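J.:
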Amino acid sequence: MRRALFLTLLVWQSWTHAASESVPLIEAGINTQDAASIQRGAGLFVNYCLSCHKATYMRYNRLTDTGLSEDQIKASLIFDDSTKVGDVMTNGLDPVGAKAMFGVAPPDLSVISRSRGVDWLYTYFLSFYKDESTVTGWNNTLFPNVAMSHVFAAQQGEQVLVIDEERHSQPQLKLAVEGTMSPDQYKQMIRDLVNYLAFMGEPAAEKRKQIGSVVLIFLILFAFLAWALKREFWKEIH
Ligand code: HEC
C-alpha cells in the first residue's frame, strides 16, 4: 500500500515538474461568433501564410458562413484569375522544394487549431524573438529553433530574450524595438488570425451548435407531448 502511494507520488511529481518546465500558454480569448474577426483573420491568412502553408481542406467559399458573398470573397481574398471561389486554399509550392528551402516543409494548416489548440497558436505568435544564431534570425520560446521566420516582425517589432541570472527566473521576452502596432493592437490581430484558424479547423462548429439547440428543444417538446398523450390514453382505464 505504502509503495503504491510512493509510486503515485513519484509519477505525480515528475508530471508536475515536466509541466512547469514548458512555456505556459496564454489564453487566446477568441470569440468564434465574431464573424468580422474571422474575416480579418482570413485576410491575414491569405496575405501572410498561404505563400508557404496550404490549407487543402478549406474552400474559399466556406467563408460564406461568415456572411461574405462569393463576390466579396473573390474580390478580397483571391489575387489571381485561375483560382475559383470553390477551390481549396493552396499554393504552387511543391513539398520537396519547400523542404529544400526551409529545411522542413511548412505543414498544411487546415486543422492546426485542432492539433495544437488555439491557446498554443496564440502563444506561438507572441513568442518570437530575435536570435542571430538561427538561419532565419528568429527563434521562438514555445517552439525552440522553429524553421519559420517571424512573419509579423514589422507589426510586433523585435522581442529579445532576457535571462535574469541573479534571480534565476524563467527567461522573459522584452520588446526591444517597437513595431508599427502597439502590443494591444498586435494581440488583437493575432486573435483574429487564430479565430480564423479555429474556423478553418471546424467551419461547421457554429452551425452544429445551432442544430444542437434545435434538436434539444424538439426533444423536450416531444417528451412533453408523449407524456400528455400517455395521460390521455390511460385516463379511461384507471
Ligand atoms: C516563409 C514561409 C512561411 C510563412 C510565410 C509562414 N510560415 Fe508557418 N511555417 C513555415 C515552416 C517552414 C514551418 C515549419 C517549422 C518547423 O517545423 O521548424 C512553419 C511552421 C508553422 C507552424 C507550426 C506547425 C506545427 O505544429 O509544427 C504554425 C502554427 C505556422 N507555421 C503558422 C503560420 C501562419 C498562421 C502563418 C501566417 C501568419 C505562417 N505560418 C507563415 C513557413 C512559413
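So in our numbering, the last spot in the sequence shown is 622, and the numbers never skip. The C-beta atom is built at its ideal place from N, Cα and C for all residues, glycine as well. Owing to the predicted nature of the structure, the values given are computational and were not obtained by experimental measurement.
1) So which of V472, I414, F536, T450 has the shortest CA-CA distance to L673?
2) Quick check: the Cα distance between T568 and I410, rounded to an integer number of angstroms?
3) Can you grab the Cα-Cα spacing for the pair K483 / V407, in whole Å?
4) Return the residue from the list G596, Q456, V598, G425 that minimises the CA-CA distance to Y506.
5) What does R551 pair with, by DSSP beta-bridge criteria?
6) I'd like to know if the segment 561-579 and the segment 546-553 are in contact, where contact means that at least 3 CB-CB pairs between them fall below 8 Å.
7) Kindly list the residues whose CB is nearer than 7 Å to the CB of L452, restricted to its own chain and excluding five residues on each side of it in sequence; keep chain order.
8) What are the partner residues of P411, as DSSP defines its beta bridges?
9) Taking the beta carbon of V578 as the centre, do at least 16 other beta carbons fall within 10 Å, making it buried, or is it exposed?
10) Please state whether the Cβ-Cβ distance between A582 and V502 is less than 8 Å.
11) Would you mind working out which of A439, M584, I604 sits nearest A419, comparing C-alpha positions?
T.: This is what the structure gives:
1) Residue 673 lies beyond the range of the chain shown here (385 to 622); nothing can be said about it.
2) Against the sequence shown, residue 568 aligns to sequence position 184. Against the sequence shown, residue 410 aligns to sequence position 26. Note that residue 568 is Asp in the sequence shown, not Thr. Using only the alpha carbons, I get a separation of about 14 Å.
3) As a first step, residue 483 is located in the sequence shown; it is residue number 99 there, counting from the start. As a first step, residue 407 is located in the sequence shown; it is residue number 23 there, counting from the start. Using only the alpha carbons, I get a separation of about 27 Å.
4) By 1-based counting over the sequence shown, the position of residue 506 is 122. Across the set G596, Q456, V598, G425, the C-alpha of G425 shows the shortest separation from the C-alpha of Y506.
5) In the sequence shown, residue 551 corresponds to position 167, counting from 1. BP columns for R551 are empty, so no partner.
6) No: the two stretches stay apart, fewer than three of their Cβ pairs being nearer than 8 Å.
7) Counting from one through the sequence shown, the residue named residue 452 turns up at place 68. So the list reads Q423, once near-sequence residues are dropped.
8) Numbered from its first residue, the sequence shown carries residue 411 at position 27. Residue identity check: residue 411 is Glu in the sequence provided, not Pro. E411 pairs with nothing; no bridge assigned.
9) Residue 578 sits at position 194 when you count from the first residue of the sequence shown. Label assigned to V578: buried.
10) Start at 1 with the first residue of the sequence shown, and residue 582 comes out as number 198. Start at 1 with the first residue of the sequence shown, and residue 502 comes out as number 118. For A582 and V502, yes; Cβs fall inside 8 Å.
11) Start at 1 with the first residue of the sequence shown, and residue 419 comes out as number 35. Closest by C-alpha distance to A419, out of A439, M584, I604, is M584.
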